[in-house]
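S.K.: Start counting the sequence shown at 18; every next residue gets the next number (the working numbering). Note that beta-carbon positions come from the ideal geometry of N, C-alpha and C, so glycine has one too.
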Amino acid sequence: MHRLIQEIEAEQMKLLKKDIPRFKVGDTVSVSVKVEEGDKVRTQMFEGVVIRKQGSGLRESFTVRKISFGEGVERSFPFYSPTVQAVQVMRSGKVRRAKLYYLRKTVGKKARIEEERRPEEAPSAPPASSPAPNILAS
Numbered sequence: 018m019h020r021l022i023q024e025i026e027a028e029q030m031k032l033l034k035k036d037i038p039r040f041k042v043g044d045t046v047s048v049s050v051k052v053e054e055g056d057k058v059r060t061q062m063f064e065g066v067v068i069r070k071q072g073s074g075l076r077e078s079f080t081v082r083k084i085s086f087g088e089g090v091e092r093s094f095p096f097y098s099p100t101v102q103a104v105q106v107m108r109s110g111k112v113r114r115a116k117l118y119y120l121r122k123t124v125g126k127k128a129r130i131e132e133e134r135r136p137e138e139a140p141s142a143p144p145a146s147s148p149a150p151n152i153l154a155s
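1. Which value, in whole angstroms, describes the spacing of the CA atoms of R134 and V46?
2. Tell me which residues share the same chain as K111 and place their Cβ nearer than 6 Å to its Cβ, disregarding the 5 neighbours each side in the sequence.
3. Taking the alpha-carbon positions, what's the L21 to M30 distance?
4. Between which two residues does the beta strand (DSSP E) containing I84 stretch?
5. Of the residues T100, G89 and E88, which one's Cα is nearest the Cα of L33?
6. Leaving aside the five residues before and after G65 along the sequence, list all residues of the same chain whose C-beta is less than 6 Å from its C-beta, in chain order.
7. For S98, which of F86, M107, L75 and Y119 has the nearest alpha-carbon?
Rendered as structure tokens:
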């Protein structure tokens, strides 16, 4: 029975075809959310730190925390929700916890998360087209 449910969820995820980038807890993300007010539909951006990822498959969700006008605001988003239009990773954070609930109690600089430096490919030196002239040989 469990395998059958997984197969059905895999089919549903293929049908939804959400293009969500890979991100992890501690990353700063910007989430585009479709908001309907009456007959108007608009897109609202919610940018903050991912403090939690939970679930798997269709039920997977994540929670984003930001500070707005001095108040902490948290919002949970299901990965495959039709209201979530796009998720963009702004920067990667270096954390050693799976859940960052301790950020709720921190204020100011203590709430900062160190940025993770990913090793980038070093640019190769340009090939020398002609050898350098030997000035001392004359």
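M.R.: For this structure:
1. 17 Å
2. E131 and E133
3. 14 Å
4. S78 to S85
5. T100
6. Once the five neighbours on either side are set aside, the close Cβ partners of G65 are V81, R82 and K83.
7. L75
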